[in-house]
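Visitor: Before anything else, here's the structure in question.
Residue numbers (my numbering): 457 to 770.
As structure tokens, this is what we get:
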């Protein structure tokens, strides 16, 4: 069985991820991975613009990634941009400059494509069983929701209500004020009507959260239990009761205090308040005892399509 190498770059609104893998036809092995809080959406996301300093940070990071990719002699490179770039008026110019100056060809994903790729990543992690689940991935720019099972996705939609957007729209005081939470919830109620209808139609019985915020919440949970996450595991369970306690704690603290929570990482400390409030909102519409947290998301979904090419169909 022949092996080949590939690189995946996931250019999120908040975080850029690099994943270098060696793969055959059925499995993949991670050679190297890195994530950098580029904050591409900061200062411009709600104006549909990439701010100048954010673009500089992106170029710097992509040059660094390209050096690592070249160092491994990888020529199969898959670079994806999501919400911040697809909505920015200067997004096409950014994509063109990256191709010309760094030599990375960026595919700007539609919300639908992004949701499908996240579904493929979650499926690859082994998080799904026979039942119908609601899956969610909270990005900085958009949030993807998928309803489906291990065989297929039944419904999916991307909403431009990611953590960076919500942060800039609602989180003015620290700790966040109750009235800011109320405004945020009213906004979600309005924006997420299609999801609320889909939940009524498909009646998912489980909730799966993909990477990002969910990784951090499980880290905090494991730290509070004085346990270590097992390396090599891609799926973790977070009891809802424990999640609720973590959520209340996050809401009650300011940034400095949140940074001291064991398991918290600095790159999530700002967005975690609104992201957790979004999870809390979703839990009103789906009754579960635990949240399944998938360590795999978009970038692993891209790898799934390299392993099994027919999975790429949207």
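Ideal Cβ positions, reconstructed from N, Cα and C, are used throughout, including at glycine. A quick note: this is a predicted structure, and the numbers were derived from the prediction, not measured.
Could you tell me the alpha carbon to alpha carbon distance between residue 635 and residue 523, rounded to whole angstroms?
Guide: Position 179 of the chain shown, counting from 1, holds the residue named residue 635. Position 67 of the chain shown, counting from 1, holds the residue named residue 523. In a straight line, the C-alpha of residue 635 is about 47 Å away from that of residue 523.
Visitor: Starting from residue 747, trace the beta strand (DSSP E) both ways and give me its first and last residue.
Guide: On the chain shown, residue 747 is found 291 positions in, with the first residue counted as 1. Looking at the DSSP string, the run of the beta strand (DSSP E) that includes residue 747 is 746–750.
Visitor: Residue 768 by DSSP, collapsed to three states: which one?
Guide: For this step, residue 768 is matched to residue 312 along the chain shown. Its pLDDT being 43, under 50, residue 768 is placed unreliably in this model, and the coordinates cannot settle the point.
Visitor: Taking the beta carbon of residue 620 as the centre, do at least 16 other beta carbons fall within 10 Å, making it buried, or is it exposed?
Guide: As a working mapping, residue 620 is identified with position 164 in the chain shown. Per the 10 Å Cβ criterion, buried.
Visitor: In the DSSP assignment, find the unbroken beta strand (DSSP E) run with residue 594 in it and report its ends.
Guide: Residue numbering aside, residue 594 sits at position 138 when the chain shown is read from its first letter. Note, residue 594: beta strand (DSSP E), 589–594.
Visitor: Note down, one range per segment and in chain order, each alpha helix (DSSP H) of at least 4 residues found wholly within the stretch 603–659.
Guide: As far as the stretch 603–659 is concerned, its whole alpha helix (DSSP H) runs of at least 4 residues are 619–626, 634–647, 649–658.
Visitor: Return the chain-ordered ranges of every beta strand (DSSP E) run that is complete within the stretch 672–711 and spans a minimum of 3 residues.
Guide: Correct list: 691–695.
Visitor: What number of angstroms, rounded off, separates the C-alpha of residue 408 from the C-alpha of residue 763?
Guide: Since the first and last residues shown for the chain are 457 and 770, residue 408 lies out of range.
Visitor: Can you tell me the Cα-Cα spacing of residue 550 and residue 728, whole angstroms?
Guide: On the chain shown, position 94 is the one that residue 550 refers to. On the chain shown, position 272 is the one that residue 728 refers to. So the alpha carbons of these two residues sit roughly 28 Å apart.
Visitor: Quick check: residue 618 and residue 599, are their CB atoms within less than 8 Å of each other?
Guide: Indexing the chain shown from 1 puts residue 618 at position 162. Indexing the chain shown from 1 puts residue 599 at position 143. Against a cut-off of 8 Å, the Cβ pair of residue 599 and residue 618 comes out as a contact.
Visitor: How far does the beta strand (DSSP E) with residue 729 in it extend, from its first residue to its last?
Guide: In the chain shown, residue 729 corresponds to position 273, counting from 1. Careful: residue 729 lies outside any beta strand (DSSP E), inside the alpha helix (DSSP H) at 728–738.
Visitor: Between residue 614 and residue 579, how many whole angstroms is the CB-CB distance? I'm expecting something under 8 Å.
Guide: Looking up residue 614 in the chain shown gives position 158. Looking up residue 579 in the chain shown gives position 123. Wrong, their Cβ atoms sit about 18 Å apart, outside the cutoff.
Visitor: Cβ atoms of residue 562 and residue 544: under 8 Å apart, would you say?
Guide: The residue you call residue 544 lines up with position 88 of the chain shown. The residue you call residue 562 lines up with position 106 of the chain shown. For residue 544 and residue 562, no; Cβs fall outside 8 Å.
Visitor: Can you name the start and end residues of the beta strand (DSSP E) that residue 551 belongs to?
Guide: As a working mapping, residue 551 is identified with position 95 in the chain shown. First-last for residue 551: 547–557, but that is the alpha helix (DSSP H), not the beta strand (DSSP E).
Visitor: Should residue 476 and residue 528 be called a contact, given that it needs their Cβ atoms to be closer than 8 Å?
Guide: Position 20 of the chain shown, counting from 1, holds the residue named residue 476. Position 72 of the chain shown, counting from 1, holds the residue named residue 528. Against a cut-off of 8 Å, the Cβ pair of residue 528 and residue 476 comes out as a contact.
Visitor: Should residue 770 go down as buried or exposed, given a rule of 16 or more other Cβ atoms within 10 Å for buried?
Guide: Start at 1 with the first residue of the chain shown, and residue 770 comes out as number 314. A caution first: residue 770 carries a pLDDT of 41, below 50, which makes its placement in the model unreliable, though a value can still be read off. By the neighbour-count rule (16 or more Cβ atoms within 10 Å), residue 770 is not buried but exposed.
Visitor: Using 8 Å as the threshold, is the C-beta distance between residue 589 and residue 663 below it?
Guide: As a first step, residue 589 is located in the chain shown; it is residue number 133 there, counting from the start. As a first step, residue 663 is located in the chain shown; it is residue number 207 there, counting from the start. In this structure, residue 663 lies closer than 8 Å to residue 589 by Cβ.
Visitor: Using a Cβ distance threshold of 8 Å, determine whether the stretch 681–693 contacts the stretch 703–715, with at least three qualifying pairs required.
Guide: Counting Cβ pairs under 8 Å, fewer than three are found: no touch.
Visitor: Give every residue of the same chain whose Cβ lies closer than 6 Å to the Cβ of residue 690, excluding the five residues on either side of it in the sequence, and list them in chain order.
Guide: In the chain shown, residue 690 corresponds to position 234, counting from 1. Answer for residue 690: 581, 751, 752, listed in chain order.
Visitor: Who are the near neighbours of residue 677 in its chain, counting only those whose CB is closer than 6 Å to its CB and skipping five residues on each side?
Guide: For this step, residue 677 is matched to residue 221 along the chain shown. Excluding sequence neighbours, residue 677 sits near 694, 698.
Visitor: Could you pull the DSSP bridge partners for residue 664 from this structure?
Guide: For this step, residue 664 is matched to residue 208 along the chain shown. Its beta-bridge partners are 591, 748.
Visitor: Measuring CB to CB, does residue 720 end up less than 8 Å from residue 493?
Guide: Position 264 of the chain shown, counted from the first residue, corresponds to residue 720. Position 37 of the chain shown, counted from the first residue, corresponds to residue 493. Not closer than 8 Å, so no.
Visitor: Rounded to a whole number of angstroms, what is the C-alpha to C-alpha distance between residue 644 and residue 478?
Guide: The residue you call residue 644 lines up with position 188 of the chain shown. The residue you call residue 478 lines up with position 22 of the chain shown. Spanning the two alpha carbons is a distance of roughly 41 Å.
Visitor: Ordered along the chain, which non-local residues of its own chain (more than five positions away) have a Cβ less than 8 Å from that of residue 505?
Guide: Counting from 1 along the chain shown, the entry for residue 505 is found at position 49. 544, 545, 546.
Visitor: Straight-line CA distance for residue 489 to residue 610?
Guide: Locating residue 489 in the chain shown gives position 33, where the first residue counts as 1. Locating residue 610 in the chain shown gives position 154, where the first residue counts as 1. Each residue's alpha carbon lies about 31 Å from the other.
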